[in-house]
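Colleague:
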């Protein structure tokens, strides 16, 4: 008689990324839109893990954030982009342009800029940081 008020579990447990909350007597469940999973639809599924994608042979799948989206990156044909320091030239089929995917420790349009690891790993107590390629030392 005293417990007739139904508690809406969805009021306290909202779903993310457009998920639909289904209220049950003692719990809730989120029905996630395509591309998301998790108790509250908080996890973006990496669609590149699926094997039935339509990227051309030799192309690399790149997951896009926010849902079931991806793009195919193909190796460059010819010398349309020269990538230095171990970088790879990739053709983005969605944007119809090539660009470099740089090796660790390098950045820039053609991978010529060494990433300054000292900016991220600052020394304390008056120490001096010396940047190297993809590493640093004190």
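In our numbering, the protein residues as written are 123 to 260.
Note that beta-carbon positions come from the ideal geometry of N, C-alpha and C, so glycine has one too.
Express the C-alpha separation of residue 227 and residue 244 in angstroms, rounding to a whole number.
Modeller: Roughly 17 Å separates the two Cα atoms.
Colleague: Thinking C-alpha only, which one of 170, 180, 179 and 198 is nearest residue 186?
Modeller: Among 170, 180, 179 and 198, the Cα nearest to that of residue 186 is on 170.
Colleague: Going by alpha carbons, who is nearest to residue 180 out of 214, 204 and 232?
Modeller: For the residues 214, 204 and 232, the minimum Cα distance to residue 180 belongs to 214.
Colleague: In chain order, what residues of the same chain lie with their CB nearer than 6 Å to the CB of residue 278, ignoring the 5 residues before and after it?
Modeller: Nothing about residue 278 can be reported from this structure: the residues present for the chain run from 123 to 260 only.
Colleague: Roughly how many angstroms lie between the CA atoms of residue 154 and residue 242, to the nearest whole one?
Modeller: About 36 Å.
Colleague: To test your reading of the DSSP string, which unbroken beta strand (DSSP E) runs of 3 or more residues are found completely within the region 137-190?
Modeller: 142-145, 150-153 and 182-186, all fully within the region 137-190.
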